[in-house]
Amino acid sequence: MALAAKKLQAWAGHPTLSSFLLKLLFVVSLAICCAMPFVLSLPTPRDALVLHSAMLQEGASPAREITLPYTRTNVWESSRTEALYKIHFPREAVPADHPVLFFPAVRQAIDVRLNAIPLVRREISLLTSPRLGDYYAFDVMPLALRDGVNELEIRHSRLDGWISSYLSPAYLMSQSVFAPYRQLYDFVFEQWRFASLLLKAIITISVVMIALMRPADGFFRWFSLIMVFSLTLTATQYGFTLAGAGVPRLYYATLQLGTLLLAVALTLEMAGRKFVRKSLYLALGLPLTLLTAYWAGLGSRSQIAVLGNVLSIAAMMAALWIAIAHYYRSRDPIAAIIAAPLALCFLFGLHDVGLLFGLTNGAHMLTPYIEMATLLAAMLIITIRLIQSLNQLDSANIRLKRRLDEQQKELNLLHEKERRNLTRMALEQERDRLMRDLHDGLSGHLVSIMAQTEREKLAPEAIRTTARDALGDLRLVIQSLDLSDTDLRVALAGFRERTGPYLHRMGIRLDWQTGNMPEVTGVTPSTALALLRILQEAVTNAVKHGPATRIAISASANENGEAVITVENDFSGNDIRGKGHGLANMATRARTFGGDIAFTRSKDTARLMITLPTALRPQPA
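For the sequence shown, the numbering used here puts the final residue at 621, and the numbers step up evenly by one.
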């Protein structure tokens with residue numbers, strides 16, 4: 001037993017079997033839902049006297065006893081005569097508290113008399129017609145009752161087409177018992193339909209707006225046409241009913257045919273089939289062809305209407321088949337949603353055709369109630385398409401973000417490669433500049449030393465001075481190699497360390513004040529070397545042309561926030577302007593990094609002011 005249970009459990013857990021069971025459960029559930037309208041009916045009063053035995057007389061035929069409910073077919077002329085039902089009940093069965101006579105379901109019109117006194121029907125539902133089925137309620141007047149047996153006469157007249165007549169049992173009850181049933185029946189026959197019409201108008205407006213905002217979406221274009229046709233059909237039907245007139249059968253059949261042909265086009269669009277645009281011509285042309293045939297006298301109104309109904313059934317079956325086939329091929333949920341109301345419409349249509357010819361028992365037409373299923377399907381379709389659009393948007397955003405990330409990585413790599421290339425080029429340019437500086441400075445000193453050694457009389461002091469200048473110039477170049485963007489203070493500190501001992505040996509006092517210098521950026525080896533050469537030449541000029549006993553180097557900020565380095569020295573009063581190009585060379589060097597110099601002198605003081613921008617400009621090649 002345990003082994004059999006394990007095998008059964010393993011068999012049930014098989015993926016293929018589980019999928020089959022789920023599909024079977026879905027089919028059974030769908031079948032039950034479709035069968036419910038055929039089985040269920042509106043509740044009837046319990047605490048009431050049920051009058052279901054009647055004598056029926058049709059035309060000249062003799063009266064016969066029947067049991068209500070009773071259906072009379074109207075297909076043949078002999079069965080389209082007026083029917084007279086007579087029901088008898090005792091006076092004691094009538095409730096004392098405001099008695100009400102209630103017929104839950106009547107198809108075609110009835111006229112009721114109690115003991116030959118006409119009974120006035122209560123308020124009539126606005127959206128019902130003899131074709132669809134209605135309920136009747138009458139107040140039983142005490143004056144119409146008599147002691148003993150009372151006779152109820154019901155004249156059943158044919159008002160609409162071939163539709164069969166139907167009369168339910170009569171219920172005699174008090175007003176208090178009838179009140180809740182009246183509310184329920186008013187909701188089903190009137191309020192439900194009004195709510196469906198209003199909801200349909202709202203959904204139609206929404207679908208039309210979506211179609212206008214998304215002209216490239218063929219699905220919503222066809223869907224909006226269907227909703228407009230269907231809303232026009234329903235509104236016209238209710239309009240004729242409110243006006244107290246019957247709906248023109250030919251008009252209803254042709255408009256219904258156009259709606260179902262648009263449903264075929266919608267399913268073709270959904271399935272990605274061809275000939276979708278031609279379906280629009282068919283949806284508009286075929287109903288117009290039927291109307292033209294009627295106006296040309298090629299058929300009667302009934303014949304053209306029957307042909308339109310037959311074509312509508314064919315179009316509905318075609319749309320249903322396309323939707324089901326597309327669902328099994330693609331598992332598109334929208335196809336299943338479209339197929340559901342089409343299937344219900346087909347089943348309800350079969351039910352109503354059976355009622356039309358008296359082939360099936362039933363009180364009310366079910367086709368008008370397909371509206372709510374259609375509206376539910378429309379809302380589900382809009383919701384699913386919205387979800388699908390959002391999912392596609394999210395997927396597109398994810399793909400776009402991934403591509404942007406990849407491109408960003410590529411750009412970062414290219415940027416890093418470009419940065420390395422620029423750095424390498426900058427280093428090469430700096431190297432070239434330094435090589436030129438070494439060549440221009442150091443080679444000149446070496447040539448001077450060589451010339452001095454070749455003279456007959458050697459001048460050791462002159463050679464020593466020239467060699468010292470060459471060494472100082474070399475140190476300037478080497479010091480500038482390790483400088484970065486904001487290392488100007490480091491360069492000045494190195495200059496002070498190298499210049500201070502040299503001036504001290506010569507008996508010259510050096511005053512150094514650079515603590516108030518603002519920050520200067522853009523420092524490169526070439527710009528630092530140019531500035532240090534200016535300072536070195538200024539100190540050399542002060543020593544050579546002063547001769548100075550004190551040199552003061554200070555730094556501060558001007559009114560523009562720029563750094564100003566001042567080299568000040570005393571002199572003996574001789575003319576120190578000279579005939580060379582020293583100041584011009586210093587000005588040229590200053591312009592290479594965006595700076596400027598200014599030289600002034602008083603009676604015994606010479607001052608050189610070097611103005612530096614907040615960000616030094618690299619020295620051009």
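Every residue, glycine too, gets a C-beta built ideally from N, C-alpha and C.
For lysine 579, which residues of its own chain have a beta-carbon under 7 Å away from its beta-carbon, when the five flanking residues on both sides are left out?
Sequence index remark: in the sequence shown, residue 579 carries index 579 (1-based). Here the model assigns lysine 579 a pLDDT of 47, short of 50, so the residue's position is not dependable, and the following value carries that caveat. The answer is none, since no qualifying residue turns up.
Using CA coordinates, which residue listed in Ile32, Glu58, Ile87 is at the minimum distance from histidine 52?
Locating residue 52 in the sequence shown gives position 52, counting from the first residue. For the residues Ile32, Glu58, Ile87, the minimum Cα distance to histidine 52 belongs to Ile87.
At which residue ranges does the region 287–334 contain complete beta strand (DSSP E) runs of 3 or more residues, listed in the order of the chain?
Complete beta strand (DSSP E) runs here, min 3: none at all.
For histidine 351, which of helix, strand or coil comes out of DSSP?
Here residue 351 is taken as the residue at index 351 of the sequence shown, counted from 1. In this structure, histidine 351 counts as helix in the three-state DSSP scheme.
Can you look up serine 174 in the DSSP assignment and give me helix, strand or coil?
On the sequence shown, residue 174 is found 174 positions in, with the first residue counted as 1. Looking at serine 174 - three-state DSSP - the assignment turns out to be strand.
Just curious, the alpha helix (DSSP H) that threonine 605 is in, first and last residue?
Mapped onto the sequence shown, residue 605 falls at position 605. Element bounds for threonine 605: not the alpha helix (DSSP H) but the beta strand (DSSP E), 605–612.
What ranges does the beta strand (DSSP E) occupy inside the region 508–537, keeping only unbroken runs of at least 3 residues that lie completely in it?
509–513
Taking one C-beta from the region 359–377 and one from the region 414–425 each time, how about it: are there three or more such pairs within less than 8 Å?
no
So what's glutamate 269 in DSSP terms, helix, strand or just coil?
Residue 269 sits at position 269 when you count from the first residue of the sequence shown. Looking at glutamate 269 - three-state DSSP - the assignment turns out to be helix.
One question on the structure: do leucine 616 and phenylalanine 593 come within less than 8 Å of each other, judged by their Cβ atoms?
In the sequence shown, residue 616 corresponds to position 616, counting from 1. In the sequence shown, residue 593 corresponds to position 593, counting from 1. Yes, the Cβ-Cβ distance between leucine 616 and phenylalanine 593 is below 8 Å.
What did DSSP end up calling asparagine 397 once you bin it into helix, strand or coil?
The residue you call residue 397 lines up with position 397 of the sequence shown. Reduced to three states, the DSSP call for asparagine 397 is helix.
Over what stretch of residues does the alpha helix (DSSP H) that includes serine 61 continue unbroken?
Residue 61 sits at position 61 when you count from the first residue of the sequence shown. From DSSP, serine 61 is part of no alpha helix (DSSP H); its letter is neither H nor E.
List the endpoints of the continuous alpha helix (DSSP H) containing isoleucine 202.
On the sequence shown, residue 202 is found 202 positions in, with the first residue counted as 1. Per DSSP, isoleucine 202 is one residue of the alpha helix (DSSP H) stretching across 192–213.
Do you know how far the Cα of threonine 71 is from the Cα of isoleucine 226?
Looking up residue 226 in the sequence shown gives position 226. Looking up residue 71 in the sequence shown gives position 71. Looking at the two C-alpha atoms, the distance is approximately 36 Å.
Any idea what DSSP makes of serine 168, helix, strand or coil?
Within the sequence shown, the letter at position 168 stands for residue 168. Correct three-state label for serine 168: coil.
Got a sec? Which residues, its chain only, sit under 8 Å from methionine 317 by beta carbon, not counting five neighbours each side?
Along the sequence shown, one-based indexing puts residue 317 at 317. Phe346, listed in sequence order.
Of all the options Pro90, Leu404, Ile534, which has the alpha carbon lying nearest to the alpha carbon of arginine 146?
In the sequence shown, counting from the first residue as 1, residue 146 sits at position 146. For arginine 146, the nearest C-alpha among the options comes from Pro90.
Check whether the region 497–512 touches the region 548–561, taking contact to mean three or more Cβ pairs, one atom from each stretch, closer than 8 Å.
yes
Can you tell me whether DSSP reads histidine 545 as helix, strand or coil?
Here residue 545 refers to the residue found at position 545 of the sequence shown. The answer is helix: DSSP assigns histidine 545 an H, G or I state.
Give the list of continuous beta strand (DSSP E) stretches no shorter than 3 residues that lie fully inside the region 90–138.
For the region 90–138, whole beta strand (DSSP E) runs of length 3 or above, ordered along the chain, are 99–107, 109–114.
Just confirm the distance between the C-beta atoms of leucine 344 and leucine 199, as a whole number of angstroms; I'd bet it's less than 8 Å.
Position 344 of the sequence shown, counted from the first residue, corresponds to residue 344. Position 199 of the sequence shown, counted from the first residue, corresponds to residue 199. The pair is not a contact, with the Cβ atoms about 17 Å apart (cut-off 8 Å).
Could you check which residue in Ala555, Ser572, Pro518 has the C-alpha nearest to that of glycine 561?
Mapped onto the sequence shown, residue 561 falls at position 561. Checked all of Ala555, Ser572, Pro518; the closest Cα to glycine 561 is Pro518.
Could you have a look at glutamate 562 and say whether DSSP puts it in helix, strand or coil?
Stepping through the sequence shown from its first residue, residue 562 is reached at position 562. Residue state, collapsed to three classes: coil.
Let's test the definition: count the other Cβ atoms within 10 Å of the Cβ of proline 341 and tell me whether it reaches 16, buried, or not, exposed.
Stepping through the sequence shown from its first residue, residue 341 is reached at position 341. Proline 341 should be labelled buried.
From threonine 44 to leucine 288, what distance separates their C-alpha atoms?
Taking the first residue of the sequence shown as position 1, residue 44 is located at position 44. Taking the first residue of the sequence shown as position 1, residue 288 is located at position 288. Going by the C-alpha atoms only, they are around 45 Å apart.
Determine the direct distance from the alpha carbon of leucine 413 to that of asparagine 516, and round the result to whole angstroms.
As a first step, residue 516 is located in the sequence shown; it is residue number 516 there, counting from the start. As a first step, residue 413 is located in the sequence shown; it is residue number 413 there, counting from the start. Near 42 Å, if we compare the C-alpha coordinates of leucine 413 and asparagine 516.
Assuming phenylalanine 138 and valine 112 form a contact by the criterion Cβ under 8 Å, report the distance between their Cβ atoms to the nearest whole angstrom.
The residue labelled residue 138 in the question sits at position 138 within the sequence shown. The residue labelled residue 112 in the question sits at position 112 within the sequence shown. The Cβ separation is near 6 Å, so the contact holds.
Note down the Cα distance separating phenylalanine 261 from glutamine 407, rounded to an integer number of angstroms.
Sequence index remark: in the sequence shown, residue 261 carries index 261 (1-based). Sequence index remark: in the sequence shown, residue 407 carries index 407 (1-based). Correcting the residue identity first, residue 261 is leucine in this sequence and not phenylalanine. Across the structure, leucine 261 and glutamine 407 are spaced so that their CA atoms are roughly 50 Å apart.
If you measure between the beta carbons of proline 104 and serine 168, is that distance less than 8 Å?
Position 104 of the sequence shown, counted from the first residue, corresponds to residue 104. Position 168 of the sequence shown, counted from the first residue, corresponds to residue 168. Closer than 8 Å, so yes.
Just to confirm before moving on: does the CB-CB distance between proline 99 and valine 140 stay below 8 Å?
Position 99 of the sequence shown, counting from 1, holds the residue named residue 99. Position 140 of the sequence shown, counting from 1, holds the residue named residue 140. In this structure, valine 140 lies closer than 8 Å to proline 99 by Cβ.
Using a beta-carbon distance below 8 Å, is glutamate 269 in contact with chain D?
Absence of chain D from the displayed structure is noted, only one protein chain being present.
Apply the 10 Å Cβ neighbour rule to phenylalanine 709 and answer buried if 16 or more other Cβ atoms are within range, or exposed otherwise.
One cannot answer for residue 709 here, as it falls past the ends of the chain, which runs 1 to 621.
Taking 7 Å as the limit between beta carbons, can you name the residues of its chain near phenylalanine 229, skipping five residues before and five after?
Within the sequence shown, the letter at position 229 stands for residue 229. Closer than 7 Å at Cβ, skipping near neighbours: Leu255, Gly258, Thr259, Leu262.
Would you call the region 210–227 in contact with the region 182–190, where contact means no fewer than 3 C-beta pairs closer than 8 Å?
Cβ pair count under 8 Å is below three, so no.
Are glycine 582 and asparagine 541 close, meaning C-beta to C-beta below 8 Å?
Taking the sequence shown and counting its residues from 1, one reaches residue 582 at position 582. Taking the sequence shown and counting its residues from 1, one reaches residue 541 at position 541. Going by C-beta atoms, glycine 582 is nearer than 8 Å to asparagine 541.
So the beta strand (DSSP E) threonine 600 belongs to, where does it begin and stop?
Here residue 600 corresponds to residue number 600 of the sequence shown, with the count starting at 1. Looking at the DSSP string, the run of the beta strand (DSSP E) that includes threonine 600 is 596–601.
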